[in-house]
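In this note's numbering, the protein residues as written are 13 to 314. Yeah, the Cβ is synthetic: ideal placement off N, Cα and C, and Gly gets one too.
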């Protein structure tokens, strides 16, 4: 018995359409080619699969049973084909990722690990602030976005994968660096000091302003910066306090050039999310990265 996958596909098309002409159109074949495939299949099986009554065709009892078996076979083969295509896609391909500025402190390490596992994959990384992240999601410009709080106005898939606590820091040159080092400050006690802040549109700044607003406190700023590195340098220089993601200050804490202030209601508890538009069809590469970052992120500890 020599039955081919092509014959099964033709048989199912004819059975589904109950018509040779429509089956031929569906398969982009000529009607004689479809008829020939069915004759060869019936010859290989030694049994009729269709009854021809005038211009209409119907499955025979044997044809109905064979149809069930054929569907099982073709579905399995289609699954194998899809799997093999996914494997090809994961081995090579391109991934465009946009991350929040603050997330870049850990995202590059995650990307490096992913590339080590998939060396044939190329990645475009865009680091920007929250406002630009939202614009990217609105225009569906990227494969995946790494950000803090996803915007509510968009229909998104947002997978939380790692904690992102926001803490208040002080530099050595500031009066609070050594003052009551082991004590807890109230938000109103730190209100009297100036803060250095990120630019408007930054997620960290938005969270910081909300923290003070909810407590009916004033946020007095001395300087505004467009990067976390600049914020940290300003804090070290004693230009003000700051609220930052703990992920951005690991080296500074180790070097003891800044310390975290113990302030009531802090840290601000947030999560990092892997985000994309709902309904978006992720490429095999994007699917592989999503699986990777969810596993790696949840295993990481701050």
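* To do: Decide yes or no for the touch test of the stretch 104-112 against the stretch 131-151: beta carbon pairs closer than 8 Å, at least 3 of them.
  => yes
* Mind pulling the alpha helix (DSSP H) runs of 4 or more residues that sit fully within the stretch 176-228? -> 199-202 and 215-226
* In angstroms, rounded to a whole number, what distance separates the CA positions of residue 152 and residue 163? -> 14 Å
* Counterpart residues of residue 235 in DSSP-defined beta bridges -> 208
* CB contact check: residue 50 to chain D, cutoff 8 Å -> Chain labels in this structure do not include chain D; a single protein chain is all it has.
* For residue 46 and residue 323, the rounded distance between their alpha carbons -> Not covered by the structure: residue 323. The range shown for the chain is 13 to 314.
* To do: Look at residue 203 and residue 229 and say whether their C-beta atoms are less than 8 Å apart.
  => yes
* **C-beta contact flag for residue 18 and residue 49 at 8 Å** => yes
* **Outcome for residue 255 when other beta-carbon atoms lying within 10 angstroms are tallied against a minimum of 16** => buried
* Asked: DSSP state of residue 315, grouped into three classes?
  -> What the structure shows of the chain is the stretch from 13 to 314, and residue 315 is not part of that stretch, so it cannot be assessed.
* Asked: Hey, how far is the Cα of residue 253 from the Cα of residue 307?
  -> 34 Å
* Which word fits residue 82, buried or exposed, when buried means at least 16 other C-beta atoms lie within 10 angstroms of its C-beta? -> buried
* For residue 59, which three-state DSSP category applies? -> coil
* To the nearest angstrom, report how far apart residue 22 and residue 295 are at their CA atoms. => 29 Å
* Asked: From this set, 268, 236 and 280, which residue's C-alpha is nearest residue 226's C-alpha?
  -> 280
* Asked: Using the beta-carbon count (16 or more within 10 Å), is residue 238 buried or exposed?
  -> exposed
* **Beta-carbon proximity check, residue 155 vs residue 108, cutoff 8 Å** => yes
* To do: In the DSSP assignment, find the unbroken alpha helix (DSSP H) run with residue 26 in it and report its ends.
  => 17-29
* Asked: Between which two residues does the alpha helix (DSSP H) carrying residue 325 extend?
  -> Outside the displayed range of the chain (13 to 314) lies residue 325, so it cannot be described from this structure.
* Asked: Looking only at C-alpha atoms, which of 277, 215, 272 and 185 sits nearest to residue 140?
  -> 215
* Taking the alpha helix (DSSP H) that residue 36 falls in, what are its first and last residues? -> 32-39
* To do: Rank 126, 165, 265 and 135 by C-alpha distance to the C-alpha of residue 289 and give the top, closest one.
  => 165
* Asked: Does DSSP classify residue 303 as helix, strand or coil?
  -> helix
* Asked: If you scan the stretch 243-295 from start to end, which runs of the beta strand (DSSP E) of 3 or more residues do you find wholly inside it?
  -> 254-257, 270-272 and 283-289
* Own chain, CB closer than 8 Å to residue 259, minus 5 neighbours either side, in chain order -> 114, 115, 117, 118, 176 and 314
* Any idea what DSSP makes of residue 162, helix, strand or coil? -> coil
* Asked: Out of curiosity, what's the CA-to-CA distance linking residue 90 and residue 305?
  -> 28 Å
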